[in-house]
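Following: one structure in structure tokens, then a few remarks.
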Amino acid sequence: MATNVTVIGRTTRVRGRVSGDGDLQIEGLVIGEIVTSGNVTIDTHGIAGASVRGKRLVVRGAVQGDLLGEEAVVLEDGARVVGDVRAPRIAIAQGALMRGEVQTADDGPAAQPSARTHAAVKVAASPSPVRVASPPAKVPAASAVKPAPAPKSAPMATAAPARRPPPPVVPVLKKTKGQILKKKER
Amino acid sequence: MASTVIGAGIIIEGEITTDEDVVVLGTVRGKLSAKEAVTIQAGATVEADVAGGALAVAGTLTGNITAGDRVDLQAGARVVGNVKAARVTIADGAQFKGNVDMDV
Chain A
1 MATNVTVIGR TTRVRGRVSG DGDLQIEGLV IGEIVTSGNV TIDTHGIAGA SVRGKRLVVR
61 GAVQGDLLGE EAVVLEDGAR VVGDVRAPRI AIAQGALMRG EVQTADDGPA AQPSARTHAA
121 VKVAASPSPV RVASPPAKVP AASAVKPAPA PKSAPMATAA PARRPPPPVV PVLKKTKGQI
181 LKKKER
Chain B
1 MASTVIGAGI IIEGEITTDE DVVVLGTVRG KLSAKEAVTI QAGATVEADV AGGALAVAGT
61 LTGNITAGDR VDLQAGARVV GNVKAARVTI ADGAQFKGNV DMDV
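Each protein sequence line maps, in turn, to chains A and B. Per our numbering, residue 1 is the first one in the first sequence, and the count goes up by one each step. Per our numbering, residue 1 is the first one in the second sequence, and the count goes up by one each step.
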């Protein structure tokens, strides 16, 4: 029974990579990547200093690194995790502390968040010149009927009219942004 | 009973330091330092310098051994390296190549 279970005891410190097949129970310190095809339990006194990959990960101790579970990741009471958590099923119990990104299911990994940020940057950049020119023309139009001014910029225009009411603030921000940019460019 | 067990199928590449007993059934590469008993069981592979209180080897070990108490190379063991301990036994059937230093 115990032949395929690896136990890193309370006073044991491992500096290096732990990999292979079989279950792991960590009650001590492992500074290094952990990759196994079996389950990994990081107990109350256990500390993992790098990423952990396994079938089912149960954490009651501390992890500084990403947690990747093939089946599930369970953060129980007392868990302290700094890193991203990814697994088809993730449970975070009351009393568990974590900082990082959580992603259930097996969607594309790190590519998605970066794509979102790029999209956000573009969205923020494109409407600003439009607003500078348009506010005086659109404010009356928005008060009358929505569909008329829409064609100028396709998806953003639908969201834009609703935001129109507080226009004075927007131009002020844009001026400062423009000045800052110009200064940086120079 | 042992508090630290390196299971069969597990590979540790790096340094292991502990104050408790260690049983190795898997693979260890690097360095293994323990204060208590270290048991390298049949089927285990250790490519590391090993230090411990009492060492029992039945598996494959490549590296130098230092024990505070004793070293037992059991039948089936395959050891290449130097052994330093106050008491050393080499069982019939153990393969060994290296120096023995018994602090004479």
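Note that the Cβ used here is the ideal one computed from N, Cα and C, for glycine as well. From a predicted model like this one, the values you see are computed outputs, not experimental measurements.
Given that T11 (chain A) touches chain B, what residues does it touch there, using C-beta distances under 7 angstroms?
-> Below the 7 angstroms Cβ cutoff, chain B contributes T18, D19, E20 as neighbours of T11 (chain A), in chain order.
Kindly examine the ligand GTP and report whether one of its heavy atoms sits closer than 6 angstroms to the Cβ of G49 (chain A).
-> This structure lacks the ligand GTP, and indeed carries no ligand of any kind.
Within 10 angstroms of the Cβ of Q103 (chain A), are there 16 or more other Cβ atoms? Answer buried if so, exposed if not.
-> Around the Cβ of Q103 (chain A), a 10 Å sphere holds 16 or more other Cβ atoms; the residue is buried.
Based on the DSSP output, what are the partners of K97 (chain B) in its beta bridges?
-> Its beta-bridge partners are B:V80.
N99 (chain B) to G7 (chain B) span [Cα, whole Å] = About 29 angstroms.
Min CB distance G16 (chain A) to chain B below 7 angstroms | At a cut-off of 7 angstroms between C-beta atoms, G16 (chain A) counts as an interface residue with respect to chain B.
Under 6 angstroms Cβ to Cβ from T39 (chain B), same chain only, skipping five residues before and after it: list those, please.
-> Exclusion of the five residues before and after T39 (chain B) leaves V23, A56 as the residues of its chain whose Cβ lies within less than 6 angstroms of its Cβ.
Given a cut-off of 7 angstroms, decide if E20 (chain B) and T45 (chain B) are closer than it, judged by their beta-carbon atoms.
-> Going by beta carbons, T45 (chain B) and E20 (chain B) fall outside the 7 angstroms limit.
Closer than 7 angstroms, CB to CB, is V5 (chain A) near chain B or not?
-> Yes, its Cβ sits closer than 7 angstroms to a Cβ of chain B.
With 16 as the cutoff for other CB atoms within 10 Å, does G93 (chain B) come out buried or exposed?
-> Exposed, by the Cβ-count rule.
For A62 (chain A), does the count of other Cβ atoms within 10 angstroms reach 16, so buried, or fall short, so exposed?
-> Around the beta carbon of A62 (chain A), 16 or more other beta carbons lie within 10 angstroms, which makes this residue buried.
Pick from A:V85, A:V58, A:P88, A:G22: whose alpha carbon is nearest that of T44 (chain A)?
-> When each option's Cα is compared against that of T44 (chain A), the closest is A:V58.
So is I34 (chain A) in contact with chain B if we call contact Cβ pairs under 7 angstroms?
-> Cβ-Cβ to chain B under 7 angstroms: no for I34 (chain A).
Can you name the residues that DSSP bridges to A98 (chain A)?
-> Per the sequence shown, residue 98 (chain A) should be read as Met rather than Ala. A:V81.
State the start and end residues of the unbroken beta strand (DSSP E) segment that holds D49 (chain B).
-> For D49 (chain B), the enclosing beta strand (DSSP E) has its first and last residue at 45 to 57.
Contained beta strand (DSSP E) runs [length at least 3] in the segment 23 to 51 of chain A, N- to C-terminal order | Under the rule that a run must span 3 or more residues, the beta strand (DSSP E) segments found entirely inside the segment 23 to 51 of chain A read 23 to 26, 29 to 31, 34 to 36, 40 to 42.
Could you check the C-alpha separation between V10 (chain B) and A93 (chain A) for me, to the nearest Å?
-> This sequence places Ile at residue 10 (chain B); Val is not what is there. As the crow flies, the alpha-carbon of I10 (chain B) is around 29 angstroms from that of A93 (chain A).
Grab the span of the beta strand (DSSP E) containing V104 (chain B) for me, first residue to last.
-> No beta strand (DSSP E) holds V104 (chain B); DSSP gives it neither H nor E.
Does the beta-carbon of A86 (chain B) have 16 or more other beta-carbons within 10 angstroms, so that it is buried, or is it exposed?
-> Burial state of A86 (chain B) is exposed, judged by a 10 Å Cβ sphere holding fewer than 16 other Cβ atoms.
Which residue comes first and which comes last in the beta strand (DSSP E) that contains S3 (chain B)?
-> Bounds of any beta strand (DSSP E) do not take in S3 (chain B), whose DSSP letter is neither H nor E.
Within-7 angstroms CB hit, G14 (chain B) to chain A = Taking Cβ atoms only, chain A reaches closer than 7 angstroms to G14 (chain B), which makes this a yes.
Taking C-alpha atoms, which residue in B:D72, B:A51, B:K97, B:G68 lies nearest to G30 (chain B)?
-> Of the candidates B:D72, B:A51, B:K97, B:G68, the one whose C-alpha sits nearest the C-alpha of G30 (chain B) is B:A51.
For D103 (chain B), collect the residues of the same chain with a Cβ closer than 6 angstroms to its Cβ; drop the 5 residues on either side in sequence, then sort them by chain order.
-> Cβ-Cβ distances below 6 angstroms link D103 (chain B) to A86 in the same chain, with the five nearest sequence neighbours on each side left out; the list follows chain order.
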